[in-house]
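Undergrad:
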Amino acid sequence: MSNYALLLAAGLSRRMEGESKLIRKFGEAPIVRRAAENLLAGGVDGLYVVVGKSAPKVRAVLQGLPITFVDNPAPEEGQASSIVAGVKALPPDAKTLIIALGDMPKVSPRTIRLLLTAHGVSTKGLTLPLICGERGHPALLDLARYREELLALTGDVGARSIFRDHEDDLLEVEAQDPGILLDIDTEEELDELNRRLDLE
Numbered sequence: 035m036s037n038y039a040l041l042l043a044a045g046l047s048r049r050m051e052g053e054s055k056l057i058r059k060f061g062e063a064p065i066v067r068r069a070a071e072n073l074l075a076g077g078v079d080g081l082y083v084v085v086g087k088s089a090p091k092v093r094a095v096l097q098g099l100p101i102t103f104v105d106n107p108a109p110e111e112g113q114a115s116s117i118v119a120g121v122k123a124l125p126p127d128a129k130t131l132i133i134a135l136g137d138m139p140k141v142s143p144r145t146i147r148l149l150l151t152a153h154g155v156s157t158k159g160l161t162l163p164l165i166c167g168e169r170g171h172p173a174l175l176d177l178a179r180y181r182e183e184l185l186a187l188t189g190d191v192g193a194r195s196i197f198r199d200h201e202d203d204l205l206e207v208e209a210q211d212p213g214i215l216l217d218i219d220t221e222e223e224l225d226e227l228n229r230r231l232d233l234e
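To get our numbering, take the position in the sequence shown, counting from 1, and add 34.
Quick look at the structure:
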């Protein structure tokens, strides 16, 4: 086992009222469960889910999945705090890390497989999916090269600074998957995506 994924599910829902947006329904399943199931179906060897203040509810909707939970005691410090907590929890055999967002339930398992396969035959340490030339999520990193930089992250920009600073070590893969750009931040976005889902 060497290919791991980190699903960030500790963020604060600042633009949606009430319960955590991650446990809202997207189709028949909660948003975060869809995101987790897609990662598992994509062939990762292990999935670590970083949770914060909504941990009990997020844990409940992910019940039954083969995942490991990681607590982030300070999610208000930004996305980087979740990445650091997750990386610290990874087992020693972890070589490749996919960082995915809990509010992106439309990323296809095929995209996950594509990233893992492309990275496996590349000399690059970073891999991102593209659609029509636009970069999306999730991000893949070689831990042998970038573990220390991940552990040094701060603020709310995630791993973006690593990709910005190491463009020469970046592989971009055309994924043909609109889901790599679709995150859910507002009630309107969730309603629109559910409407589209009904038409599929």
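We put the beta carbon where it would ideally sit given N, CA and C, even for glycine.
If you run the structure through DSSP and keep just helix, strand and coil, what is Ile-146?
TA: Locating residue 146 in the sequence shown gives position 112, counting from the first residue. In the structure shown, Ile-146 sits in a helix (DSSP, three-state: H, G or I).
Undergrad: Between Ile-101 and the rest of its own chain, which residues show a CB-CB distance below 6 Å, the 5 nearest in sequence each way excluded?
TA: Along the sequence shown, one-based indexing puts residue 101 at 67. Once the five neighbours on either side are set aside, the close Cβ partners of Ile-101 are Leu-81 and Val-83.
Undergrad: I'd like to confirm the pairing. Which residues does DSSP put opposite Gly-80 in its beta bridges?
TA: In the sequence shown, residue 80 corresponds to position 46, counting from 1. Paired residue(s): Tyr-38.
Undergrad: Per DSSP, which residues does Val-66 bridge with? Please list them.
TA: For the purposes of this step, residue 66 is identified with residue 32 of the sequence shown, where counting begins at 1. BP columns for Val-66 are empty, so no partner.
Undergrad: Cα-Cα, which of Pro-143, Ala-44, Leu-185 and Leu-131 is closest to Gly-159?
TA: Position 125 of the sequence shown, counting from 1, holds the residue named residue 159. Ranking the options by Cα distance to Gly-159, first place goes to Leu-131.
Undergrad: By Cβ distance, which residues of its chain are closer than 8 Å to Pro-212, with the 5 residues on each side in sequence left out?
TA: Residue numbering aside, residue 212 sits at position 178 when the sequence shown is read from its first letter. So the list reads Lys-140 and Ile-165, once near-sequence residues are dropped.
Undergrad: Using a Cβ-Cβ cutoff of less than 7 Å, which residues in the same chain neighbour Ala-75 once the five nearest sequence positions on both sides are dropped?
TA: Translated into the one-based positions of the sequence shown, residue 75 becomes position 41. The residues are Pro-143.
Undergrad: I believe Thr-161 touches Val-207 by the beta-carbon criterion, under 8 Å. Please report the beta-carbon distance rounded to the nearest angstrom.
TA: Counted from its first residue, the sequence shown places residue 161 at position 127. Counted from its first residue, the sequence shown places residue 207 at position 173. At roughly 6 Å, the Cβ-Cβ gap stays under 8 Å, so Thr-161 and Val-207 are in contact.
Undergrad: According to the neighbour-count rule (16 or more other Cβ atoms, all chains shown, within 10 Å of its Cβ), is Gly-136 buried or exposed?
TA: Along the sequence shown, one-based indexing puts residue 136 at 102. Under this definition Gly-136 is a buried residue.
Undergrad: Pro-163 bridges to which residues according to DSSP?
TA: Locating residue 163 in the sequence shown gives position 129, where the first residue counts as 1. In DSSP, Pro-163 forms a bridge with Val-207.
Undergrad: For Ala-152, which of helix, strand or coil comes out of DSSP?
TA: For the purposes of this step, residue 152 is taken as the residue at position 118 of the sequence shown. DSSP places Ala-152 in helix when its eight states are reduced to three.
Undergrad: Are there 16 or more other CB atoms within 10 angstroms of the CB of Pro-163, so buried, or fewer, so exposed?
TA: Translated into the one-based positions of the sequence shown, residue 163 becomes position 129. It counts as buried.
Undergrad: How many angstroms separate the CA atom of Ala-128 from the CA atom of Glu-62?
TA: Here residue 128 refers to the residue found at position 94 of the sequence shown. Here residue 62 refers to the residue found at position 28 of the sequence shown. If I take the Cα positions, the gap works out to 33 Å.
Undergrad: Just to check my reading of the structure: Lys-55 and Ile-218 have Cβ atoms closer than 8 Å, yes? What is that Cβ distance to the nearest angstrom?
TA: As a first step, residue 55 must be located in the sequence shown, where it is residue number 21. As a first step, residue 218 must be located in the sequence shown, where it is residue number 184. The pair is a contact, with the Cβ atoms about 6 Å apart (cut-off 8 Å).
Undergrad: For Thr-130, which residues does DSSP report across the bridge?
TA: Working through the sequence shown from its first residue, we reach residue 130 at position 96. Thr-130 pairs with Asn-37 and Asp-176.
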